[in-house]
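Student:
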Amino acid sequence: MTDAGTRPAGAPAIDGATAEVVRSYLLSAAEEMRATLIRTSFNPVIYEVHDFGMSMYDADLRLIAEATGMAFFLGANDYSLRKGVEYVGRENLHRGDVVLLNYPYWNAAHAYDATLFAPVFRPDPNDPEADGELVAFLCIRAHWMDLGAKDPGYVLDSTDVHQEGLLFPGTKVVSRGEPVHEIHELIKFNSRMPGEVLGDLHAQIAALRTGERRFLEILDKFGKPTVDAAIEWIIADGEARVRSALAELPKGSWTAEDWLDDDGITDDPIRMKCTVTVTDDEFTVDFTGSSPAVPGPVNMPFGATEAICKVVFKALTSADQPTNEGSVAPLRVIAEPGTLFHAVYPQPTFTLWTGIVAVELITKALAQGMPDRLPASSGGDVPGFMMVGTHPDTGQLFAVSNNEVIGWGGAPDHDGSTALSHVSGSTGRVTPVEVLEARTGMFFERWEIRTDSGGAGRFRGGCGTRRDIRFVTPGEFLTVIKKTKSRPWALAGGREPEPNQVVVFPGTDREHRVSTTRTRVEPGDRITVLTAGGGGHGDPRLRDPAAVREDVAEGYVSARAAREIYGVAIEDTDAADG
Amino acid sequence: MSDKRFRLAVDIGGTFVDAMALDTRTNQIRFRKASTTPQRPAEGVMAAVAALEVDLSDAELFIHGTTLGLNAVLERRGATTGIITNEGFRDIFLIGRGNVPPEHMYNFQYQRPPSLVRRRHTAGVRGRLDYRGRVVEELDLDSVLAAAGRLVEEGVESIAICFLHSFVDPTHEQRAAAAIREKYPQVSVSVSTDIVREHREYERTSTAVLDAYIRPIFERYVDDLEQGLAERGFAGQFLIMRSGGGAMTAATARTSPTHTVLSGPAGGIVGAAYLAEALGREDMLTFDIGGTSLDTCVIERGGAVAAFEAQLEQYPLLIPTYDIRTIGAGGGSIAWLDRGLLKVGPRSAGAQPGPVCYGRGGTEPTVTDAAVVLGFFDPDRFLEGEMSLRVEEARAALAQQIAEPLGLPLADAAAGVFDVLLARTVGAVRQITVERGRDPRDFSLLAFGGAGPMLAPLLAREMEIREVVVPFAPSGFSAWGMLSADIVDDVSRTVLRPLEGTDPAELEQVFVEVEAEAMRSLADQGVPAARAVLERQLELRYVGQEHSLIVTVGRQWDPEGVRAAFEELHRSRYGHAMDNPLQILNLRVRGIGRTDRPELPRLPAGDGNPARAVLGQREAYDFAQRAVVPFTVYDRAKLAPGDRFAGPALVDEGTSTTVVPSGQRVEVDEHGYLVVTLEGSEK
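Chains as they are written, first to last, in numbering that gives the first Met the number 0: chain S, 0 to 577; chain A, 0 to 682.
1. By Cβ distance, which residues of its chain are closer than 7 Å to residue 213 of chain S, with the 5 residues on each side in sequence left out?
2. Which residues, in chain order, does the segment 350-366 of chain A contribute to contact with chain S at a C-beta distance below 9 Å?
3. How about residue 195 of chain A: is its C-beta nearer than 8 Å to some C-beta of chain S?
4. Among S:190, S:201, S:277 and S:240, whose alpha-carbon lies nearest the alpha-carbon of residue 253 of chain S?
5. Check whether the Cβ atoms of residue 233 of chain S and residue 125 of chain S lie closer than 8 Å to each other.
6. Return no unless some Cβ of chain A is closer than 8 Å to the Cβ of residue 596 of chain S.
7. Going along chain A in order, which residues have a C-beta closer than 7 Å to the C-beta of residue 444 of chain S?
8. Let me make sure I understand the geometry here. Which of A:603, A:614 and A:629 has the alpha-carbon closest to that of residue 639 of chain A?
9. Taking 6 Å as the limit between beta carbons, can you name the residues of its chain near residue 591 of chain A, skipping five residues before and five after?
10. Strictly below 9 Å CB to CB, what residues from chain A border residue 326 of chain S?
11. Skipping 5 residues on each side, what residues in its chain have a beta carbon closer than 6 Å to that of residue 526 of chain A?
12. Would a check of beta-carbon distances place residue 321 of chain S closer than 8 Å to chain A?
13. Using beta carbons (cut-off 8 Å, strictly below), is residue 153 of chain S in contact with chain A?
14. Please compile the residues from chain S whose C-beta is within a distance smaller than 8 Å of the C-beta of residue 99 of chain A.
15. For my contact list, residue 329 of chain A and residue 288 of chain A are in at a C-beta cut-off of 8 Å; report their separation, rounded to the angstrom.
16. Buried or exposed for residue 14 of chain S, going by 16 or more other Cβ atoms inside 10 Å?
17. Name the residues in the segment 335-347 of chain A whose C-beta lies less than 8 Å from a C-beta of chain S; which are they?
18. Among residues of its own chain, excluding the 5 on either side of residue 347 of chain A, which ones have a beta-carbon nearer than 6 Å to its beta-carbon?
19. For a minimum of 4 consecutive residues, which ranges assigned as the alpha helix (DSSP H) are wholly contained in the segment 427-482 of chain A?
20. Look at the alpha carbon of residue 233 of chain A and the alpha carbon of residue 58 of chain A, and state the distance between them as a whole number of angstroms.
21. Inspect the CB distances between the segment 399-416 of chain A and the segment 664-671 of chain A and report whether three or more fall short of 8 Å.
22. Going along the chain, which unbroken runs of the beta strand (DSSP E) with 3 or more residues stay wholly within the segment 472-523 of chain S?
23. Would you please verify whether the beta carbon of residue 413 of chain S is less than 8 Å from any beta carbon of chain A?
24. Let me confirm a value: residue 714 of chain A is counted as buried when at least 16 other C-beta atoms fall within 10 Å, else exposed. Which label applies?
25. For the beta strand (DSSP E) holding residue 277 of chain S, just list the boundary residues, first then last.
26. Based on DSSP bridge pairs, tell me the residues matched to residue 398 of chain S.
27. Report yes if the C-beta distance between residue 529 of chain S and residue 486 of chain S is below 8 Å; otherwise report no.
28. By the DSSP assignment, the beta strand (DSSP E) with residue 631 of chain A in it spans what residues?
29. Closest to residue 10 of chain A by C-alpha separation, out of A:544, A:45 and A:596, would be which residue?
30. DSSP on residue 260 of chain S, reduced to helix/strand/coil?
31. Hey, out of A:301, A:320, A:137 and A:212, whose CA is closest to residue 242 of chain A's CA?
32. Can you find a C-beta in chain S that's less than 8 Å from the C-beta of residue 410 of chain A?
33. Going by alpha carbons, who is nearest to residue 391 of chain A out of A:432, A:373 and A:309?
34. Nearest to residue 92 of chain A by alpha carbon, out of A:100, A:83 and A:99?
35. Let me check understanding here. Comparing Cα to Cα, which of A:627, A:631, A:621 and A:600 lies closest to residue 615 of chain A?
36. Under 7 Å between beta-carbons, which chain S residues line up against residue 104 of chain A? List them in chain order, please.
Below, the structure written as structure tokens:
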């Protein structure tokens, strides 16, 4: 069952024990690649935020296994690898090659997400000098710190791709096992942080080598026919699971619209539209009707659009299963070239924030057809902020960011959770008050759950938070939020929640609201960041009055809202609204 | 240390209470089990003690590992707990860090588990420090007492106090606690900085809340045990195991119950670290398999790898623990088919109903049932003959539920259960070693827990690990390990200063203060100054990064030496080092009161012929040949140092069986431990 050769020759299929054992070995090879990358990478975005995606493919470019990384990178490698292999040409790939690709329109992400892939060849013992048999591909994308884009750090206002960094369409950085010196030098001379970037390049190569070694060991251990049979099993099993989940879903076609605040160049809201069609054997997401591509960098490469669709599809059909080729087989994504969801050369794509809002756009369309299966909107967006300034103790420049929590949407059978990271990056963590105060010029006067911010409903949305900031040093306060001008959506008769709002200089004659922008601040200035609640699910009048009373006692809902929205009379007490 | 004869260790597991007595005169150990009594845990402990049949008045030490605090949290049986914090920040505990556990990454309907504290039981009071500990607003004791009064009125029994930046200056916390204790003496009060003086308000609050939550029932439990032991004449030292190594006196444990919550696997690791040193093995991997889980931990250069932040359910705990990887699969784990794929665990048959072969009503086949089918246990000698195994029932369950649907012969299906479990284990062991930049083949595997010796040689074979060490009474190893525990306390301070550019004399001053605190704690626990040892550590990181590494420093230290040590560690963990400035995150001192460790017995060598120990032959499954073949069965009690024999062999010792496939060899070392090596890899 495990050693090659002990199974009778010609045994047609493998059993479910062997398939599971091989599956475990493949998954653990992917996890070991992950551990290697985390262990050897240079930039904290990789080893602390886990801003990477890594996957293993068979020789036909079918996804076998993925290691845990960023939700948004789910399946993004699938698109890049196909484009990369197509560009380089299969016949030009040799044993020991590693190829770099970051051209956004092929890369399924912006230019700073560097995708490296490697073909895996199994040497022929009779001809060890030859490449041998092409048996697999390995692929790792990771966020690099700098590739020479127009501004250091992050780009919020590029107007074409050439302001977004050095581009590689599918370029060997290692050829037949030998590093390509010229390319490494080219990267070094085009980056503001060459040490980190080359360090990460080497870390990715090391992780690919780990995966290559393990994959070949697995072939030797179990024999290629057994591994091939297990891979067929894994992919067929993945597909069977999602098809049976798909069969359970209501069939139909539903359309939703939503708005992005702006593109970073003008203040005009940007229309997003999608139609989701569920049939017996297909799940189609069609972005026709969305805005044409805009001048600012919020356009999505098509591969990135596919990746967010995979996230929603997975959440719906196989949230707790490992992902493989089969588990996205029924998914089809349509977006016209030259539109918001399918950027073409030279349209700018750097911020990718559109994807966050679009995750909820797809859910919004679906929810119309299956309100009894889906939650309402979870805050609509990730409210991010950052302060840049000079630290009073050290005189050093600081730039520290934080992504705020929001309320999750009310679900068909439970309330949305209060104060969690957005569904698009739910494993992210808020930065502690003690860390933000020590490292920046911000002092917090309050950070609390926002009463009544969750949308009312039979199952209400979770609450967002309120943060009152007083600045103790001068600097710049950056906010990155693309959905503040409209409320997150409710479902099945629930109420819309309070939206994300950033109120600058509240209570002064300079008071105003902002979304994605830089604000100059001086000591004594105040800014309040209010984060959205989740949408309500179902008619609030149908909510269990005991639950309403409990909400009031806990301060999630005010006595007044209980009375006016839920129709539950409650004596107002001090403790309730604190 | 004393003229009393016995040292006792009692370890509570999910199923059994293990009790071990060491006779310090003869160096003999006695090992007994009793059933765990979840409703009244002290009863099971006393029953196990009684089973040892030792005169308690002649015992110098009673050391105890308990999961009481852990269970109180898991079962939500703790005190009604409230939180007092700064005005405007009452929700710090409820918000947490806002993150969803990774396994729920794609779950758009994730629900936070119900909180340990209700929002109405949280209160903010006036008073505020800034990040340097400067008073922005003076503490308002009236508002503290008003808040406490409201909580008490609401039925709160235990209050956790945590203020922002209190790790820099705990005065506000101390004053608030004193005022509350004076006015409401019936209420239990836990202060964040009494437990840990480290930064990050949510993590510190969570630590204080868990402390507050379990403290009242922990105190009652310790009282019950003290009384029970005293009634039986015990007048020795009563120690309780800590999660991060070592032990503390029962009196200290009453006020620091948080340090006990993750101490379940600690006994085994303390014992393993001691063995690694005593046996001259620098690097060991522990491999502890009980009924429901498999725990593995790295012991490097003789020391177990520690972590300074742990997690209990979703709650962070700022206490030192061991860095243990757990797989939810052990002897009781159920084998099942998921759309035709064979899976093992995470569901377990536990003690009730237990595996099918126990005949207690279990109907789903488990790993233990597969082991029975594979012929690894002698049905008549299982658990020293106290339980006869229902072999036929185990075979039938495995045949019907696994083998037939898979279309496999019964033996192959049972072997498949092991293969699936091993494949996952290989992954976990690779993970924990690769993360540290190490090759698993450089380690010795120490097998314990009831099922450890059954699986460890198979794992060694899969991973080419050169040797497996099987101690005596592997299922009681955790209790034995406790007997080697020192009295330990850990004291830390968050520093957040640059390494280079901070006056070393200033840091030395902090070290001196922290050391004094550690020495006081040891003295309070009865450690004579002559037996006290202090270890200094600095937790450092590159400025701007989150992850940190621990560098041990001597009494004489300088920044250059610390940087060099940090860089070496960083290279081994992360493959590179940088020129970036370093920041000191925390300064740590471990105070250790050395206890007398049990001596490893040295047994007289035998005649070199293991035939004396042969019980006979048994048909069992050989994973090397993937076939059922005759195994030679040895009685471990009759093996002697110097004995050598080759697999296929089974070494039976009543409470566990070591399974040696062909291609592996056993040597009995001078202590009577089994050392299983791969053929061709001997020195």
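Glycine included, every Cβ here is placed at the ideal spot set by N, Cα and C.
Tutor: Based on what the coordinates show:
1. The residue labelled residue 213 of chain S in the question sits at position 214 within the first sequence. Cβ-Cβ distances below 7 Å link residue 213 of chain S to 28 and 31 in the same chain, with the five nearest sequence neighbours on each side left out; the list follows chain order.
2. Correct list: empty, as no residue qualifies.
3. Working through the second sequence from its first residue, we reach residue 195 of chain A at position 196. Interface annotation, residue 195 of chain A: not in contact with chain S, CB-CB separation never under 8 Å.
4. As a first step, residue 253 of chain S is located in the first sequence; it is residue number 254 there, counting from the start. Comparing Cα-Cα distances from residue 253 of chain S to each of S:190, S:201, S:277 and S:240, the minimum goes to S:277.
5. Translated into the one-based positions of the first sequence, residue 233 of chain S becomes position 234. Translated into the one-based positions of the first sequence, residue 125 of chain S becomes position 126. In this structure, residue 125 of chain S does not lie closer than 8 Å to residue 233 of chain S by Cβ.
6. Since the first and last residues shown for chain S are 0 and 577, residue 596 of chain S lies out of range.
7. Looking up residue 444 of chain S in the first sequence gives position 445. In chain order: 87.
8. Translated into positions along the second sequence, residue 639 of chain A becomes position 640. With distances taken between Cα atoms, residue 639 of chain A lies closest to A:603.
9. One-based indexing of the second sequence puts residue 591 of chain A at position 592. Contacts found: 485, 487 and 532.
10. As a working mapping, residue 326 of chain S is identified with position 327 in the first sequence. Here the premise fails: no neighbours, minimum Cβ distance about 11 Å.
11. As a first step, residue 526 of chain A must be located in the second sequence, where it is residue number 527. So the list reads 486 and 592, once near-sequence residues are dropped.
12. Along the first sequence, one-based indexing puts residue 321 of chain S at 322. No, because no Cβ of chain A sits closer than 8 Å to the Cβ of residue 321 of chain S.
13. Stepping through the first sequence from its first residue, residue 153 of chain S is reached at position 154. It does not; no Cβ of chain A falls within 8 Å.
14. As a working note, residue 99 of chain A is residue 100 in the second sequence. Under the 8 Å cutoff, chain S gives 419, 420, 425 and 426.
15. For this step, residue 329 of chain A is matched to residue 330 along the second sequence. For this step, residue 288 of chain A is matched to residue 289 along the second sequence. Rounded, the Cβ-Cβ distance is 5 Å, consistent with contact.
16. On the first sequence, residue 14 of chain S is found 15 positions in, with the first residue counted as 1. Buried.
17. 336, 338, 339, 340, 341 and 342
18. Residue 347 of chain A sits at position 348 when you count from the first residue of the second sequence. Contacts found: 291, 331 and 332.
19. List check, alpha helix (DSSP H) in window: 451-462 and 476-481.
20. For the purposes of this step, residue 233 of chain A is identified with residue 234 of the second sequence, where counting begins at 1. For the purposes of this step, residue 58 of chain A is identified with residue 59 of the second sequence, where counting begins at 1. Roughly 7 Å between the two C-alpha positions.
21. In short, these stretches do not touch, since the Cβ pair count stays below three.
22. 474-479, 500-503, 511-513 and 516-520
23. Within the first sequence, residue 413 of chain S is the residue found at index 414, counting from 1. Closer than 8 Å: yes.
24. Outside the displayed span of chain A (0 to 682) sits residue 714 of chain A, for which this structure offers no information.
25. Along the first sequence, read from residue 1 onward, the residue named residue 277 of chain S stands at position 278. From DSSP, the beta strand (DSSP E) with residue 277 of chain S extends over 269-277.
26. Taking the first residue of the first sequence as 1, we reach residue 398 of chain S at position 399. BP columns for residue 398 of chain S point to S:387.
27. The residue given as residue 529 of chain S occupies position 530 in the first sequence. The residue given as residue 486 of chain S occupies position 487 in the first sequence. In this structure, residue 486 of chain S does not lie closer than 8 Å to residue 529 of chain S by Cβ.
28. Numbered from its first residue, the second sequence carries residue 631 of chain A at position 632. Start and end: 626-634.
29. One-based indexing of the second sequence puts residue 10 of chain A at position 11. Nearest option by C-alpha distance: A:45.
30. Locating residue 260 of chain S in the first sequence gives position 261, counting from the first residue. Reduced to three states, the DSSP call for residue 260 of chain S is coil.
31. In the second sequence, residue 242 of chain A corresponds to position 243, counting from 1. Cα-wise, what sits closest to residue 242 of chain A is A:320.
32. Position 411 of the second sequence holds residue 410 of chain A. Not closer than 8 Å to any Cβ of chain S, the Cβ of residue 410 of chain A fails to qualify, so no.
33. Looking up residue 391 of chain A in the second sequence gives position 392. Out of A:432, A:373 and A:309, A:373 has the C-alpha closest to the C-alpha of residue 391 of chain A.
34. Indexing the second sequence from 1 puts residue 92 of chain A at position 93. The residue with the shortest Cα to Cα distance from residue 92 of chain A is A:83.
35. Translated into positions along the second sequence, residue 615 of chain A becomes position 616. In terms of CA proximity to residue 615 of chain A, A:631 leads the group A:627, A:631, A:621 and A:600.
36. Sequence index remark: in the second sequence, residue 104 of chain A carries index 105 (1-based). Within chain S, the residues near residue 104 of chain A are 70, 425 and 426.
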